[in-house]
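Novice: Below you will find the structure I want to go over with you.
Number of protein chains: 2
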Amino acid sequence: MLMIGGGRPSLSCMAPTPLLDELRAALGENAVLTDPDLLRMHERDEADLCAAGTPLVVTRPRDTEQVVAVIRAAARHGVPVVPQGARTGLAGAANAVDGAVVLSTVAMDEIREIDPVSRIAVVQPGVVNATLAAAVGKQGLWYPPDPGSWESSTIGGNVATNAGGMCCVKYGVTTEYVLGLEVVLASGEVLRTGRRTAKGVAGYDLTRLFVGSEGTLGVITEVTVALRPAPADSLTLVAVFPSTAAAGAAVAAIAARGLTPSLLELLDQTHLRAIEAYQPMGLRTDAQALLLAATDTGSRAADDLAGLAEVCEAAGADEVYAATDAVEAAALLQARRLAHPAMEKFAADAYPGGNGGLVIDDVAVPRGSLAALLDGVARIAAECEVPIGVVGHAGDGNMHPNIVVDRADPASVERGRRAFDEIMRLGLALGGTCTGEHGVGLLKRDWLAQEIGPVGVRVHHAIKSALDPAGLLNPGKVL
Amino acid sequence: MLMIGGGRPSLSCMAPTPLLDELRAALGENAVLTDPDLLRMHERDEADLCAAGTPLVVTRPRDTEQVVAVIRAAARHGVPVVPQGARTGLAGAANAVDGAVVLSTVAMDEIREIDPVSRIAVVQPGVVNATLAAAVGKQGLWYPPDPGSWESSTIGGNVATNAGGMCCVKYGVTTEYVLGLEVVLASGEVLRTGRRTAKGVAGYDLTRLFVGSEGTLGVITEVTVALRPAPADSLTLVAVFPSTAAAGAAVAAIAARGLTPSLLELLDQTHLRAIEAYQPMGLRTDAQALLLAATDTGSRAADDLAGLAEVCEAAGADEVYAATDAVEAAALLQARRLAHPAMEKFAADAYPGGNGGLVIDDVAVPRGSLAALLDGVARIAAECEVPIGVVGHAGDGNMHPNIVVDRADPASVERGRRAFDEIMRLGLALGGTCTGEHGVGLLKRDWLAQEIGPVGVRVHHAIKSALDPAGLLNPGKVL
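Here it is, written out as structure tokens:
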């Protein structure tokens with residue numbers, strides 16, 4: 001469109017910079033947001049106690065070419081770019097920095113292809129996990145990764161954080177399902193990685209270098225995922241334990257016996273009580289721990305469930321019962337899925353007036369050390385005098401100790417931070433990792449450095465510099 | 001030991017250089033080989049028609065510290081280092097260059113740990129695949145990756161090439177089983193990547209960056225692998241087809257129906273005849289293609305096998321029969337495993353006097369394009385006037401077209417090369433990759449560049465430079 005005269009008039013609240021003009025020219029007015037409320041809304045993900053800044057602008061490109069335009073414009077002006085999906089992350093990896101260009105992929109939400117023979121789907125990054133799951137489900141296929149946020153989080157965000165979930169114990173995490181990517185690099189070049197084939201070893205595994213890199217190496221603009229045939233219906237079992245140690249021992253014994261449940265989750269007493277308070281479901285709140293297990297092995301499932309029950313009883317379960325039908329099984333799963341909102345309510349009730357804060361931690365240890373981890377977290381809660389509830393993917397040794405703090409009380413926040421650090425220290429001492437599935441973001445940068453050591457840190461910096469020498473992409477995250 | 005006088009006397013055939021002296025001081029005489037026969041033996045892997053040079057020396061370090069010593073000494077003298085395992089690779093990735101230090105990991109063959117609860121093993125790189133398989137098998141565990149070379153190839157080599165095999169169709173390739181690595185970098189620094197836990201997202205996925213990087217980024221000195229419980233006994237089925245297209249259609253239909261065989265291999269008529277000539281097994285040599293399938297789903301296996309049989313019949317199989325017992329099933333698997341030596345004999349018989357050459361190709365296409373690939377290879381064989389037998393992992397769309405040439409006849413070799421290039425071109429045109437499991441090495445460098453394009457090549461070089469700026473490690477491979 002030919003503009004006559006001196007260009008666009010200034011807005012009163014936000015002077016147009018050449019950068020904003022360039023972005024509007026490339027993406028159109030509606031995809032370049034500068035409304036202060038919208039900017040505030042895009043400051044952070046769901047991680048508590050992480051720093052966040054106010055972006056200069058939120059962009060919503062609709063295709064790869066527009067992503068290139070955003071990155072090139074930002075690079076020309078030396079303004080950092082923070083990629084965002086649905087901002088459901090729990091490590092601050094999507095938090096904005098002051099003056100940044102937020103690149104939101106939510107408008108890139110096209111499912112481009114579902115191929116039942118090759119068992120792949122090709123999607124833009126803004127497709128919501130549940131949307132993809134439903135679409136492939138209609139063709140008898142299954143996209144397994146199921147993070148807690150699956151109803152709202154995007155595939156792009158899932159890939160950028162290598163999201164986990166409940167099915168991982170049998171079916172693995174996001175990275176196992178990413179065959180290929182299209183990525184816009186900091187240079188504005190478009191890189192295609194990976195393949196559409198079941199196997200492939202052509203060159204370095206760049207696909208998996210980008211998976212989990214939290215937007216620090218490039219912006220994902222297309223994802224080719226592997227699918228599985230829909231699993232058989234599952235059978236579900238609940239085992240109630242008089243101690244977390246007994247529940248931990250049951251998990252180890254399940255693994256040692258060679259059983260492969262399709263779900264193996266643990267809720268501690270704090271969570272059982274929080275869930276019952278949030279939405280009464282008849283959970284045994286006198287139990288110290290509850291294991292929720294499922295098998296999806298078709299005609300073998302009943303035998304496998306009996307095996308799980310036997311192991312739980314031998315490990316000291318008070319009570320073991322199988323869900324009588326799919327409705328009861330779904331209710332049990334729903335109870336598990338309520339852990340997060342229930343604990344938020346627990347924190348809000350503990351410290352009224354909006355002061356209840358929840359630090360959602362994430363630590364994974366070798367399965368055999370699960371009981372030691374649970375014991376240790378209880379000890380840390382007592383020592384630091386903060387309530388800590390533990391919930392998580394017991395079968396993977398991946399626990400979420402959720403630390404409740406009073407935001408209005410600096411001493412409480414400080415005790416919460418101390419507990420957080422003690423849990424990280426314990427996890428590493430048990431041969432574990434500082435993050436099983438939530439990622440590093442801002443929350444765990446120091447602990448990542450502890451875990452990988454100085455050589456690992458140097459290699460991370462070398463790779464970051466090789467791909468993003470100016471530090472344009474998501475500065476301050478991971479490293 | 002105190003040396004008196006002017007140092008070690010010169011050997012007549014090989015003047016000791018300061019580098020050799022340093023290597024002997026660090027590793028001991030017996031681990032530093034300069035015998036010309038041994039040097040020749042370490043020139044190349046099993047890839048035909050790939051360039052290879054004569055190394056200056058072959059070193060056999062026994063631990064990480066000695067690997068560091070070799071790399072530091074070579075770096076000081078500006079001499080390239082070529083890592084080698086059992087040299088069973090098929091892409092020339094382990095081929096020496098003139099004057100290089102070969103770093104053989106075969107003496108690092110300790111299984112350090114097997115943990116049945118965490119389902120992991122920790123091994124040095126020189127442990128033979130079959131040795132690990134047997135050791136974990138004694139504990140009811142299973143290390144799935146089973147490349148054709150599994151009885152002699154090493155875990156380090158399997159990891160460096162991201163080796164595949166027959167179980168991949170259900171259980172995935174080597175990289176799915178690598179949780180963590182210890183790697184000596186070109187700088188001589190020791191990097192630890194990954195974890196011992198089932199899940200972990202702490203930082204960039206350096207583990208998988210090293211898997212499949214063919215010794216160009218570092219030397220692997222320890223591997224932490226994930227194990228599975230031993231699978232149930234499998235049931236095996238053979239389907240005989242009047243055309244390769246029908247066999248390809250059967251593979252697509254198996255996938256579309258949501259079946260997940262634990263093995264799904266294809267042998268074409270050339271291979272059936274070569275195997276019968278090599279070792280008579282009663283295979284139907286009049287068939288155009290044979291599919292070998294197995295299921296290991298326990299009490300569901302018979303149903304699943306019936307489903308496979310039904311699909312094969314519907315796709316036009318002449319004959320479908322199930323192995324009556326484990327002995328017959330093992331014999332069928334053995335027939336498949338003889339494909340490689342049988343084709344070598346086929347080539348030797350076709351061009352006597354040691355002139356029969358076999359170019360073992362490796363291409364993978366989306367499963368739905370398998371029939372088109374098989375058709376295309378037959379057309380290429382006719383056009384280029386070279387015998388090509390096709391065998392491979394049909395369920396993964398991963399085929400090995402084996403091209404027979406007369407080494408003594410430059411025109412035959414040239415026709416073979418043309419057929420090789422045409423197959424690569426076809427594979428890429430069908431949405432495939434130039435290597436499904438054998439790797440790039442020397443054989444496919446040009447085709448890798450075709451596949452990943454200029455941006456992909458630039459990113460590969462950037463990562464190589466970031467980790468090995470002087471180009472010390474395995475020069476000329478991959479890139």
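Heads up: the sequence lines are chains A and B, in that order. Using the UniProt record's numbering, you'd call the opening residue of the first sequence number 1 and step up by one each time. Using the UniProt record's numbering, you'd call the opening residue of the second sequence number 1 and step up by one each time. Each residue gets a CB set at the ideal place from its N, CA and C atoms; glycine is no exception.
#1: Just confirm the distance between the C-beta atoms of A/T207 and A/G194, as a whole number of angstroms; I'd bet it's less than 8 Å.
#2: Fully enclosed by the segment 41-80 of chain A, which beta strand (DSSP E) runs are 3 residues long or longer?
#3: Anything in chain B within Cβ reach of A/E437, meaning under 9 Å, just list it in chain order.
#4: Residues in the same chain with beta-carbon distance under 6 Å from A/R192, minus the five sequence neighbours each way, listed in chain order, please.
#5: Tell me which residue opens and which closes the alpha helix (DSSP H) that B/R112 is part of.
#6: A/G6 to A/P145, Cα distance in whole Å?
#7: Would the beta-carbon of A/G180 fall within 8 Å of that of A/R196?
#8: The alpha helix (DSSP H) with B/N129 in it runs from where to where?
#9: Could you check which residue in B/G218, B/E176 and B/L426 has the C-alpha nearest to that of B/K199?
#10: From the DSSP output, read off the bridge partner residues of B/G389.
#11: Identify the continuous alpha helix (DSSP H) that holds B/G194 and give its terminal residues.
#12: What do you get for A/M1, buried or exposed, if any count of 16 or more other CB atoms within 10 angstroms of its CB means buried?
#13: Taking A/E276 as part of the beta strand (DSSP E), name the residues at either end of that continuous run.
#14: Rounded to the nearest angstrom, what separates A/V173 and A/E151 at their Cα positions?
#15: Between A/A364 and chain B, is any beta-carbon pair separated by less than 8 Å?
#16: Return yes when the Cβ of B/R119 is within less than 8 Å of the Cβ of A/A255, no when it is not.
#17: Quick one: is A/V459 near chain B, going by C-beta distance under 8 Å?
#18: In the DSSP assignment, the beta strand (DSSP E) including B/L235 goes from what residue to what residue?
#19: In chain order, which continuous runs of the beta strand (DSSP E) of length 3 or greater are located wholly inside the segment 177-232 of chain B?
#20: In terms of DSSP beta bridges, what is A/Y321 paired with?
#21: Pop quiz: A/V32 and A/H42 are said to be a contact at Cβ under 8 Å. What is the actual Cβ separation, rounded to whole angstroms?
#22: From B/M108, B/G471 and B/V478, pick the residue whose C-alpha is nearest to that of B/R76; which is it?
#23: In terms of residue numbering, what span does the alpha helix (DSSP H) encompassing B/T435 cover?
#24: What's the gap between the Cα of B/W447 and the Cα of B/R367?
#25: Helix or strand or just coil, what does DSSP make of A/R8?
#26: In the DSSP assignment, what residue or residues form a beta bridge with A/Q84?
#27: Between residue 492 of chain B and chain A, is there a C-beta pair that is closer than 8 Å?
#28: What is the rounded straight-line gap between the Cα of B/M281 and the Cα of B/I275?
#29: Do you know offhand how far B/C312's Cα is from B/A294's?
#30: Could you name the residues of chain A that residue 506 of chain B contacts, counting a contact when the two beta carbons are closer than 7 Å?
#31: From A/G476 to A/I388, what does the alpha carbon distance come to, in whole angstroms?
#32: Taking B/I114 and B/V127 to be in contact with their CB atoms under 8 Å, please state how far apart those CB atoms are, rounded to whole angstroms.
#33: Which whole-angstrom value is the C-beta distance of B/A96 and B/V82, which I expect to be below 8 Å?
#34: Got a sec: is the Cβ-Cβ distance from B/T129 to anything in chain A below 8 Å?
#35: At least one CB of chain B closer than 8 Å to the CB of A/E313: is that the case?
#36: Distance check for B/V184 and B/V190, CA to CA, integer angstroms please.
Specialist: On the basis of the supplied data:
#1: 4 Å
#2: 57-59
#3: K199, G200 and V201
#4: Taken in chain order, the residues that qualify are E182.
#5: Taken as a continuous stretch (DSSP letters only), B/R112 belongs to no alpha helix (DSSP H), being part of the beta strand (DSSP E) at I111 to D115.
#6: For A/G6, the predicted structure reports a pLDDT of 38, less than 50, and the residue's modelled location is therefore unreliable. A value from the coordinates is still provided. Roughly 52 Å between the two C-alpha positions.
#7: yes
#8: N129 to G137
#9: Ranked by Cα distance from B/K199, the first of B/G218, B/E176 and B/L426 is B/E176.
#10: According to DSSP, B/G389 bridges with B/N402.
#11: Run containing B/G194: none in the alpha helix (DSSP H); it sits in the beta strand (DSSP E), V190 to G194.
#12: Because the pLDDT of A/M1 is 30, which lies under 50, any placement of that residue in the model is unreliable, and the question is left without a value.
#13: Unbroken run through A/E276 is the alpha helix (DSSP H), Q269 to Y278; no beta strand (DSSP E).
#14: 17 Å
#15: yes
#16: It is a contact, given that the beta carbons lie within the stated cut-off.
#17: yes
#18: L235 to F241
#19: 178-184, 190-194 and 219-226
#20: A/V238
#21: About 13 Å separates the two Cβ atoms, so there is no contact after all.
#22: Measuring from the Cα of B/R76, the nearest candidate turns out to be B/G471.
#23: Segment: none, B/T435 is in no alpha helix (DSSP H) and carries neither H nor E.
#24: B/W447 and B/R367: Cα-Cα distance of roughly 21 Å.
#25: Confidence at A/R8 is low in this model, with a pLDDT of 39, below 50, so its placement is unreliable and no value can be given for it.
#26: A/S104
#27: Residue 492 of chain B lies beyond the stretch modelled for chain B, which goes from 1 to 479, so this question has no answer here.
#28: 8 Å
#29: Taking the straight line from one Cα to the other gives about 13 Å.
#30: The first residue shown for chain B is 1 and the last is 479, placing residue 506 of chain B beyond what the model contains.
#31: 29 Å
#32: Rounded, the Cβ-Cβ distance is 11 Å, inconsistent with contact.
#33: 5 Å
#34: First, the amino acid is wrong: residue 129 of chain B is Asn here, not Thr. No - not a single Cβ of chain A is within 8 Å of the one on B/N129.
#35: no
#36: Rounded to whole angstroms, B/V190 to B/V184 spans 5 Å at the Cα level.
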